[in-house]
Amino acid sequence: GKLEQIKKDGLRVCLEPAYMPFEITNKRGEIVGFDPDLAELMAQDLGAAKLELVSTAWDGIIPALITNKCDIIMSGMTITAERAKTVDFSEPYMLVGQTVLLRKELAGKVKSYKDLDNKKYKIASKLGTTGEIAAKKHIPKAQYFSYETEAEGVMETVNGRVDAFVYDSPYNLVANVQRGEGRLVFLDEPFTTEPIGWAIAQGDPEFLKAINGFLVKIKKDGAYVKLHQKWFKNTDWLQDVQ
Amino acid sequence: MSLKRRSAQWPWHGLLVVILLGLAIGLWMATKQVNYEWRWERVPQYFAYHDEVAQTAPFTGRIVKVHPDGAYSQVEMIPDAGGSRAIITVETDTLRVADGAQVTEDQEIGVTRHWRVGPLTEGLWVTIWISFASGFIGLIIGLVTGLCRISKNPALRGLAVLYIELIRGTPLLVQIFIFYFFIGTVLNLDRTVAGIGALSLFVGAYTAEIIRAGIQSIPKGQTEAARSLGMSTAETMIHIVLPQAFKRVLPPLAGQFISLIKDSSLVSVIAITDLTKSGREIITSSFATFEIWFTVALLYLLITSVLSQLLFWLERRFARSD
Amino acid sequence: MSLKRRSAQWPWHGLLVVILLGLAIGLWMATKQVNYEWRWERVPQYFAYHDEVAQTAPFTGRIVKVHPDGAYSQVEMIPDAGGSRAIITVETDTLRVADGAQVTEDQEIGVTRHWRVGPLTEGLWVTIWISFASGFIGLIIGLVTGLCRISKNPALRGLAVLYIELIRGTPLLVQIFIFYFFIGTVLNLDRTVAGIGALSLFVGAYTAEIIRAGIQSIPKGQTEAARSLGMSTAETMIHIVLPQAFKRVLPPLAGQFISLIKDSSLVSVIAITDLTKSGREIITSSFATFEIWFTVALLYLLITSVLSQLLFWLERRFARSD
Amino acid sequence: MIEVKNLLKIFEGRGQVVRAVDDVSTQVAKGEVVVVIGPSGSGKSTFLRCLNGLEEFDDGQVIIDGIDIASSATNLNAVRREVGMVFQHFNLFPHKTVLENVTLAQRVVRKRKAAEAKDKAMALLTKVGIAEKANEYPSRLSGGQQQRVAIARALAMDPKVMLFDEPTSALDPEMVGEVLDVMKQLAREGMTMAVVTHEMGFAREVAQRVLFMDVGKVLEDAPPAEFFTAPKEPRAQAFLKQVL
Amino acid sequence: MIEVKNLLKIFEGRGQVVRAVDDVSTQVAKGEVVVVIGPSGSGKSTFLRCLNGLEEFDDGQVIIDGIDIASSATNLNAVRREVGMVFQHFNLFPHKTVLENVTLAQRVVRKRKAAEAKDKAMALLTKVGIAEKANEYPSRLSGGQQQRVAIARALAMDPKVMLFDEPTSALDPEMVGEVLDVMKQLAREGMTMAVVTHEMGFAREVAQRVLFMDVGKVLEDAPPAEFFTAPKEPRAQAFLKQVL
Ligand SMILES: Nc1ncnc2c1ncn2[C@@H]1O[C@H](COP(=O)(O)OP(=O)(O)OP(=O)(O)O)[C@@H](O)[C@H]1O
Ligand SMILES: Nc1ncnc2c1ncn2[C@@H]1O[C@H](COP(=O)(O)OP(=O)(O)OP(=O)(O)O)[C@@H](O)[C@H]1O
Ligand SMILES: [Mg+2]
Ligand SMILES: [Mg+2]
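Residue numbers (this note's numbering), protein chains in the order written: chain A, 1 to 242; chain B, 1001 to 1322; chain C, 2001 to 2322; chain D, 3001 to 3244; chain E, 4001 to 4244.
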């Protein structure tokens, strides 16, 4: 089974390092973040020979899992029913919500995501993310544009060519600090709750059980809290990244 | 052996068929081996789907009569507040009211169904029209630049060389990026305009080189004959050189245009939803990765083969004077 | 006027310089207008950075003596448990121990600093080597396919045409995708191998057409002269046609190769981090969007201009026999 | 009609300098036929091309019908339409039919009406004996036929002078005659002509003067009777021995 | 040496069928020089090209030195090296020096050692009077020089028969002589030759027989003295009137 193979050959984790602070490349080109740290722990827990972080473009991440190019996706992936038809998800290891970064001229005029639900507004998110799904679902009347990376969406909002950028709160927090001060308004109240989970190929209950067990274990022994502190409550890691 | 023997060709054609069959079977086996559940039935809906539009009562009132009329029914209503009657058409099998029923404003009476184009069709359309628009503008840019490139004026020549080298030396992705986020922001360009602009500039540089080569491939004797008849440089270009060059540049231009169709997918970086991007959007929601990619590839193949056919036809037309 | 007058060229060159300056100023103004904070100082570290490696005690023991030696210091240690001494070299300004100090195993004694290549340099390297590898293999594929394309055997010709049309008609992205996830899975290929394979197949189809055109551009008289001397078809190809064709296909081949360098960025979809991908990764972490894109464009421009120079030099060498 | 004074044309390239036309002075009177002969590379073509400004020359003067083509005030295109030129390789426009070849410049340069140009063209094609091919493309014609079309094309501009650069040397032997016949007829009609040719028979029969060129210089300038029987220059003697 | 029986060669294309060589039978004895003349398009080149298998023919037999080249057992490459061919446009290999042009086939086809091939090449280049250009590229040579190299290249294979297809018609008149001189010398040395040419002087002086072709058929086959003074066929008479 998969577990034996991981013990023998190591754990291969697919992720796209473009999702702060879940996974990101640092100055040296190494992949760091919440997920890589969890992957490290998981590899130890599963007794893997080694850990390999495979940086995969988002387009290729599901095929890579299906065709056994990696054992697990740990890339801040939101659990949706549609996706669950193709892959098996672990129990959610985190909940995030969508928030809005607003062009500063709209400060006061738009107080919540609901005010954006109007034909005259242009909103943006990243291609293929739950930000996109949420934007289309909860703000259906606004004109929607999807960008390849978050950075472009944020930049467009700063330049005032779209009115709002809809994305996960952890990312928007950092983006607002980095690019937004004085140019953006951060509506930090999440308007959705999305479970984030790890994905594995279908049909391996044993492996699924093992990773769920791992999740329970780290939540109990405090390792999870420690990492959560490091990546979500602190910004020390930004030094290493920029 | 020098005697011509009409050796039978069909064994070779047979072999070709066998090889192709072998490849097809190999591919099919491969799909079996990959642990993937094929759901082709999901694909058609992305081309066109049956949309249901709810038909609601325009006012609070009473149903006077339902006139069934085959698949559709006309529902005749009269407002409680008085005024003129209204007729609402719905599909008979979705009818939710009967004669004499009392309905309130916005109450659903039934639905009508319409065919809507799906995202793949829309993406295909965007790809085609963006490619054609930028192909056309790029042709003009290329023509002008190509002429500048061989002009005797060093300023024109220098600018043309610089433009061509700059464009050919950098990735299109970066060009679209800079064009939109930079020049586009300054000039306040719409994203479609910026996308077409960047693609035109890109394809223009390649076209310029093709046109330059085409012009230079026309024998010098042609220009000399025209000049010796008293034609000016411009007249010589228009009447003698360009028409002949056109025939020669047609195949490389067509190749370039086919490339453009595929390269145009990079405009997705500035949030234009072309064929590739709609494919990707569908994949991220449905995860029907391989089905969609195969479909997208087939659609591209379709456009490019239609173009190849067109080129073939054009070339045959032009061969008249050979 | 038909008398040759060496009209002064420098006013035109002057004009060219003025226009370029104007463009540069325009661009600079544009950057001002875009609401963007430039942080160029962040870029160099992505090429190379100074890495600190902590030097730790190999065992629990005592520092016998620190020998300062300019920027570095040699720390001499003796183990408590007995055994031979050890010498550890650290940077003097980071020295954390003094003569006679007691240290435990793995305690940090100081650091050494090394220059490391950063992600941009690594990406550049991946781009270059993947392009060269697949360019080379593609050339071989193209040569074989090009020869099949003009062969008299219908099976070979049919296969060649099919391969060329299929590859040229579909987007490279889809090809890489299918090659890696399908064929790669079945044959259990490494991702680099699959990436190079897909790129080779891609560029091979274009190369085949270039080589076919090159061979067909060699006058028939050359083949006839060689055949009438008693050379076989193969000998004629090798000694007469291909060497002459090579000279003619060099420019389009170089153009194709330059395209390949840029197209190779699509391998990022199968988890190969090339120049474009590293650029994008850096952008997501550093937010230095424009700085990085400009740098990446410049790097591509650098590779392609070096190649153009090389082509120019090669062409001059081959012009010897004209 | 044509006056050439101290014409100098230098080609530079690949590190070598060729004085293709080296201080040539001569003149061609109205109605005169001058034949230029000389070994390959002696500058005959270059000399002829200087006469209608197809080559920019480095020094000297060329005066056509009173107009100095070296002067910066001269509109070269206007001069060129007065000077017809026929090339060794015909240079017909392959994308146009025979008729279009002959009418195109009339309409573009002389601004003639379509009907007028066509009438003129058909008259000339009849004259050179090729009217029945008017709607063919040049590629369907034999070399001799193509060259006759080229002559008709040049004549259609009503030139005052005709220049011929080896008009028969790319032709099969049986076709040489038909082209020479057309040229002889032109000469009889009083056309001013400068002809570069290797056809000594033509020179003897038609030319008023023969110019012998070598390494860019005109070495002899004599009536054909004199030139062919008693050339003065040793180089001309050697050349005639080779060719005859 | 060469025997041709009922040779038939048909070209099909663009909807028209051309019988380029139409039931030709003839033979060339060892040491004989045969000149083929005829109007353009009469099938002279095609006939010559059938002799060394450069064209696949549709019917008939060509027997070279006892070997039937139409037989499927024949190795055409082996036959071809016994039959030298010289083309109208020289077809030298532009990427090789003159010396390499002459040595290449010796080494590739005859498998000679470099030194041997070079000695042979230099001897032949000396014979055709062009040894001093051995290390030049063909593009630097005049037409006459190129054609002489082409002859040396063919001779280097020690052919038993030499075929010439209008070897002088792409040359400037002054260069015709030098090429014809080489060919005359070859004939004197006893080489079997079939020559398509428009040089009637050469035919008169060297040929044992003249073949006159028209529309693919050999209409006359006579010694030159007879052919030039009293051609029997009206078409031959008309042709000679045009050309002489
Ligand atoms: N465009 C050119 N560039 C450089 N040199 C040239 C050019 N055209 C001609 N020449 C040189 O000028 C000289 C005269 O050439 P020209 O063509 O006028 O001779 P020609 O007498 O017409 O010879 P031919 O009988 O071969 O046509 C030659 O040495 C030739 O190499
Ligand atoms: N490859 C070909 N395809 C079709 N027709 C051809 C081909 N080669 C020659 N022909 C035709 O065959 C006939 C004989 O041609 P060939 O070249 O043998 O004549 P020729 O006597 O050598 O003429 P020339 O004196 O012009 O060289 C011509 O009508 C020609 O159009
Ligand atoms: Mg000339
Ligand atoms: Mg011939």
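Note that beta-carbon positions come from the ideal geometry of N, C-alpha and C, so glycine has one too. It should be emphasised that the depicted structure is a prediction, and the values quoted were computed from it without experimental measurement.
Under the three-state DSSP convention, the category residue i falls into
i, result
"His2050/C", "strand"
"Ile1282/B", "helix"
"Glu942/B", "Residue 942/B lies beyond the stretch modelled for chain B, which goes from 1001 to 1322, so this question has no answer here."
"Asn176/A", "helix"
"Ala39/A", "helix"
"Val1097/B", "coil"
"Thr3112/D", "Reading the sequence as shown, one finds Arg at residue 3112/D and not Thr. Three-state result, Arg3112/D: coil."
"Thr3074/D", "coil"
"Tyr1036/B", "coil"
"Asp3022/D", "strand"
"Asp1263/B", "helix"
"Glu4174/E", "helix"
"Met1029/B", "helix"
"Glu23/A", "strand"
"Asp4059/E", "strand"
Interface residues of chain D facing residue i [CB-CB closer than 8 angstroms]
i, result
"Lys2004/C", "Glu3056, Phe3057 and Asp3058"
Contact set between residue i and chain D, taken where Cβ atoms lie within less than 7 angstroms
i, result
"Pro4262/E", "Outside the shown range of chain E, which is 4001 to 4244, sits residue 4262/E, and nothing can be said about it."
Listed by chain order, chain A residues near residue i by CB distance under 8 angstroms
i, result
"Arg1280/B", "Asp59, Leu127 and Gly128"
"Arg2116/C", "Arg28"
Proximal chain B residues relative to residue i, where beta-carbon distance stays under 8 angstroms
i, result
"Thr63/A", "Here the sequence assigns Pro to residue 63/A, which means Thr is not the residue at that position. Chain B residues near Pro63/A: Thr1289 and Phe1290."
Chain-ordered chain E contacts of residue i [CB-CB under 7 angstroms]
i, result
"Pro3039/D", "Glu4174"
Per-residue contacts from residue i into chain C (C-beta, under 8 angstroms)
i, result
"Arg161/A", "By Cβ distance, chain C contributes nothing, its closest Cβ being about 11 angstroms from Arg161/A, past 8 angstroms."
Under 9 angstroms by beta carbon: chain D residues contacting residue i
i, result
"Gly4129/E", "Simply none; closest approach about 15 angstroms."
"Gln1244/B", "Phe3093, Pro3094 and His3095"
"Ser4142/E", "Ser3040 and Gly3041"
Neighbouring residues, chain B, relative to residue i (Cβ below 7 angstroms)
i, result
"Val2193/C", "Here the premise fails: no neighbours, minimum Cβ distance about 17 angstroms."
For residue i, the residue or residues it bridges with in DSSP
i, result
"Thr78/A", "Ile196/A"
"Ala164/A", "Leu102/A and Ile123/A"
"Met3085/D", "Leu3163/D"
Interface partners of residue i on chain C, CB under 7 angstroms
i, result
"Gly3053/D", "Ser2002"
Neighbouring residues, chain C, relative to residue i (Cβ below 9 angstroms)
i, result
"Arg4080/E", "Arg2227, Ser2228, Leu2229, Gly2230 and Met2231"
Contact test: residue i Cβ vs ligand 5 heavy atom, cutoff 7 angstroms
i, result
"Val3018/D", "Questions concerning ligand 5 fall outside what the structure shown contains, since the ligands it does hold are ligand 1, ligand 2, ligand 3 and ligand 4."
Within chain A, partners of residue i - CB distance below 7 angstroms
i, result
"Val1075/B", "Within chain A, no residue comes near Val1075/B; the closest Cβ sits about 28 angstroms away, beyond 7 angstroms."
Within chain B, the residues that residue i reaches when beta carbons sit closer than 9 angstroms
i, result
"Thr2304/C", "Glu1165, Arg1168, Gly1169 and Thr1170"
**OP:** Quick one: which residues of the stretch 2018–2047 of chain C get their C-beta closer than 8 angstroms to a C-beta of chain E? List them in chain order.
**Re:** none
**OP:** Determine, using beta-carbon pairs with one atom in the stretch 191–209 of chain A and one in the stretch 60–79 of chain A, whether at least three such pairs fall under 8 angstroms.
**Re:** With a cut-off of 8 angstroms on Cβ pairs, the stretch 191–209 of chain A is in contact with the stretch 60–79 of chain A, counting three or more such pairs.
**OP:** Can you give me, in chain order, the residues of the stretch 2216–2233 of chain C that have a beta carbon less than 7 angstroms from any beta carbon in chain E?
**Re:** So the close ones are Gly2221, Gln2222, Glu2224, Ala2225, Arg2227, Ser2228, Leu2229, Gly2230, Met2231 and Ser2232.
Subject >> Touching by the beta-carbon criterion (3+ pairs, under 8 angstroms), the stretch 4147–4157 of chain E and the stretch 4093–4106 of chain E >> reply: These segments touch.
Subject >> Contact the stretch 2209–2221 of chain C vs the stretch 2245–2261 of chain C: 3+ CB pairs below 8 angstroms >> reply: Cβ pair count under 8 angstroms is three or more, so yes.
**OP:** May I ask you to list, following chain order, the residues of the stretch 4082–4108 of chain E that have a beta carbon less than 7 angstroms from some beta carbon of chain C?
**Re:** Met4085, Phe4087, His4089, Asn4091, Phe4093, Pro4094, His4095, Leu4104, Ala4105 and Val4108
Subject >> Sufficient close CB pairs (3 or more, under 8 angstroms) joining the stretch 4055–4064 of chain E to the stretch 4124–4140 of chain E >> reply: no
**OP:** Please determine if the stretch 48–60 of chain A and the stretch 83–103 of chain A are in contact, where contact requires at least 3 C-beta pairs separated by less than 8 angstroms.
**Re:** no
**OP:** Could you tell me whether the stretch 1135–1153 of chain B touches the stretch 1169–1183 of chain B, where touching means 3 or more Cβ pairs closer than 8 angstroms?
**Re:** In this structure the stretch 1135–1153 of chain B does not touch the stretch 1169–1183 of chain B; the number of beta carbon pairs closer than 8 angstroms is below three.
Original post:
Any contact of the stretch 3178–3187 of chain D with the stretch 3115–3125 of chain D, i.e. 3+ C-beta pairs under 8 angstroms?
Top reply: no
Original post:
Using 8 angstroms as the threshold, is the stretch 2139–2158 of chain C in touch with the stretch 2193–2209 of chain C, meaning 3 or more CB pairs across them?
Top reply: yes
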